[in-house]
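End of the sequence shown sits at 215 in the UniProt record's numbering; the numbers just go up one at a time, nothing left out. All residues carry an ideal CB built from backbone N, CA and C; glycine is no exception. Predicted, not measured: the structure shown is a model, and the values here were computed from it.
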Amino acid sequence: MINSIKSDSIISAILSNPIESRAIELKPSIPWRDINHQHQLQEIVKSIIGLSNVKDGGKIILGVIQNPDRTFAITGMSTIDLQTYDQDHIYQVVRAYANPAPRFEIRSVEYRGKFFIVFAIQEFLYMPVICIKNGSRTGNEPLISGALYIRTHKPETKQVNNETEMREIINLAVDKELELLTPRIQKLIKPPFIKQKIKGISSKKFANELKDIKL
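Put into structure tokens, the structure is as follows:
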């Protein structure tokens, strides 16, 4: 079980007015047991991959239900469901389905006397995150090995299937590669030997050399 902490200002703001967006996905209380027989857990893994491929990542918050009118209400996690969440186990499960390993944290957060599980996902470090293992067919859209997922503005998490989505991920990866290469390039083109040579010449010696070359 994950130790609970008080909600910070960001999570409190989200829960005070629960609305889904590209960076925020809301889900009801779900136990974390066997991913092979729980379609909802496969959806969480897919969302982790999708948010990893979006600039600035995002959050998945469990303990929020969607009403028939499509508004959201905070109910919190049930005590039984909350006890099934173990960080190390969840990390292992997610990494078995995704490569490079997604960067995320799992928190148990208390807000107004209720508890919520929060997945805080960071954008990929250098390479986009790809699904590397098929999920069991417990739902209409199981995890697919080799698929690239993204969180959209709709908002929904889906497999990349058009040029716009693919270009967005490629551009993000290119920007990261440039950030990585720029310091190396600057180091290569910097001429430290010139500075060392100038420092080794005294002003008197330099003046004498100038006299020698005067006409």
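Euclidean distance between Cα positions of residue i and residue j
i    : j    : result
R95  : V129 : 10 Å
L143 : N134 : 5 Å
Q186 : L178 : 12 Å
D175 : Y149 : 19 Å
F104 : A147 : 20 Å
S29  : L180 : 40 Å
G50  : Q66  : 21 Å
A120 : S12  : 14 Å
M166 : V160 : 6 Å
F115 : V109 : 5 Å
S9   : D88  : 26 Å
R137 : R151 : 21 Å
Chain-order list of residues whose beta-carbon lies under 7 Å from that of residue i (same chain, five-residue window excluded)
i    : result
E156 : none
E163 : none
I90  : W32, I106
Own chain, CB closer than 8 Å to residue i, minus 5 neighbours either side, in chain order
i    : result
A173 : F124, Y126, M127, P128
N99  : V129, I130, I132
I14  : I24, K59, I61
When the options are compared against residue i, the one with the closest alpha-carbon
i    : options               : result
A101 : D56, K59, I48, F119   : I48
K55  : T75, P28, I24         : I24
I60  : I2, H89, I44, T182    : I44
D81  : K27, L188, R151, K154 : K27
I169 : S52, V64, Q38, R112   : S52
K154 : S9, S7, N3, R22       : R22
K46  : Y85, Q83, N171, S145  : S145
Residues bridged to residue i (per DSSP)
i    : result
Q159 : Y149
F104 : I121
K114 : Y111
V64  : I74
A98  : C131
Beta-carbon proximity list for residue i, same chain, < 6 Å, skipping 5 on both sides
i    : result
Q122 : G57, R103
N171 : none
Does the count of Cβ pairs from the region 9 to 19 and the region 60 to 78 closer than 8 Å reach three?
yes
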